[in-house]
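For reference, the structure is listed below as structure tokens.
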Amino acid sequence: MIFVSVGTHEAPFDRMLRAVADLELDEELVVQHGPSTVRCAGAVEAEYLPFDEVVGYIRQARAVVMHAGVGSIMIALTNGKRPIVMARQAQFGEHVDDHQLELARRLEENGLVALAEDTVSLGAELAGEATAPVSLSGVPWLGNELSDYLVEQLGEPQRQPQILRAS
Numbered sequence: 005m006i007f008v009s010v011g012t013h014e015a016p017f018d019r020m021l022r023a024v025a026d027l028e029l030d031e032e033l034v035v036q037h038g039p040s041t042v043r044c045a046g047a048v049e050a051e052y053l054p055f056d057e058v059v060g061y062i063r064q065a066r067a068v069v070m071h072a073g074v075g076s077i078m079i080a081l082t083n084g085k086r087p088i089v090m091a092r093q094a095q096f097g098e099h100v101d102d103h104q105l106e107l108a109r110r111l112e113e114n115g116l117v118a119l120a121e122d123t124v125s126l127g128a129e130l131a132g133e134a135t136a137p138v139s140l141s142g143v144p145w146l147g148n149e150l151s152d153y154l155v156e157q158l159g160e161p162q163r164q165p166q167i168l169r170a171s
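If you want the numbering used here, it's the position in the sequence shown, counting the first as 1, plus 4.
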């Protein structure tokens, strides 16, 4: 089974779904399409799925195709899958900037994702054997850079007061 997810972003990701629909696939296809208008013939499709169902499909899938959102990628990696990602790009009106493309390229360099930029490369990735991602511990920059990015976006984490309990 191939699981495809465009994530929960409010912009359609028709380009990715068109790339999937253009392929001649002979296995079960489950697609979470969000607000996209493109449909994949013969696929089991849903606009959105509960988190536990997304995890279940990722675990069952032979291959996972998804947008290059950090949350989606981390879910796949946590569940032992090296996702095939297509990045939402600003030039196509799919996102406000190209941060997904930058992330996908960096993660691909470290063996964590396979980056597909069009139908041809997506088809080639799906035709190959699915490979497990390299260990996250082999990519020491990821934790630091992700932490720095979150602090930049959200500010310093708030310290929670310690509650002392009498023994």
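We treat Cβ as the ideally placed atom computed from N, Cα and C, and that holds for glycine.
Keep in mind the model is a prediction, meaning the values are calculated, not measured.
Residue(s) in a DSSP beta bridge with residue i
{"i": "Glu49", "result": "Val35"}
{"i": "Phe7", "result": "Val34, Val68"}
{"i": "Ile62", "result": "Ile62 pairs with nothing; no bridge assigned."}
{"i": "Ile88", "result": "Val69, Ala118"}
With 16 other Cβ atoms within 10 Å as the buried cut-off, status of residue i
{"i": "Met20", "result": "buried"}
{"i": "Phe7", "result": "buried"}
{"i": "Met90", "result": "buried"}
{"i": "Pro16", "result": "buried"}
{"i": "Ile167", "result": "Summary for Ile167: the model assigns pLDDT 46, below 50, so the residue's position carries little reliability, and this model does not support an answer."}
{"i": "Ser171", "result": "With a pLDDT of 44 at Ser171, under the threshold of 50, the modelled position of this residue cannot be trusted; read the value that follows with caution. Ser171 comes out exposed."}
{"i": "Arg43", "result": "exposed"}
{"i": "Pro165", "result": "Model confidence at Pro165 stands at a pLDDT of 45, short of 50, so the residue's coordinates are unreliable; what they give is reported in the following sentence. It is exposed - the Cβ of Pro165 has fewer than 16 other Cβ atoms within 10 Å."}
Proximity winner among the options, relative to residue i (alpha-carbon distances)
{"i": "Thr82", "options": "His71, Val100, Val89, Arg63", "result": "Arg63"}
{"i": "Gly46", "options": "Pro54, Gly60, Ala25, Leu111", "result": "Ala25"}
{"i": "Val69", "options": "Gln36, Val48, Glu28", "result": "Gln36"}
{"i": "Gly60", "options": "Thr41, Thr123, Val34, Cys44", "result": "Val34"}
{"i": "Glu51", "options": "Ser76, Val10, Glu32, His71", "result": "Val10"}
{"i": "Met5", "options": "Leu29, Ala65, Gly38", "result": "Ala65"}
{"i": "Ala128", "options": "Ile77, Asp102, Ala23", "result": "Ala23"}
{"i": "Val48", "options": "Phe55, Glu32, Thr41", "result": "Glu32"}
{"i": "Gly115", "options": "Asp102, Arg86, Glu106", "result": "Arg86"}
{"i": "Leu29", "options": "Val74, Glu112, Ala67, Asp101", "result": "Ala67"}
{"i": "Ser125", "options": "Thr12, Leu27, Asp18", "result": "Leu27"}
Supposed contact pair residue j and residue i - C-beta distance, whole angstroms, cut 8 Å
{"i": "Ile79", "j": "Ala120", "result": "No, Ile79 and Ala120 are not in contact; Cβ-Cβ is about 18 Å, not under 8 Å."}
{"i": "Gln110", "j": "His99", "result": "Sequence inspection shows Arg at residue 110; the Gln mentioned does not correspond to that position. 17 Å between Cβ atoms; not a contact."}
{"i": "Gln95", "j": "Ala72", "result": "Actually they are not in contact, since the Cβ atoms of Gln95 and Ala72 sit about 15 Å apart, beyond 8 Å."}
{"i": "Pro39", "j": "Glu14", "result": "7 Å"}
{"i": "Val117", "j": "Ala131", "result": "The Cβ separation is near 17 Å, so there is no contact."}
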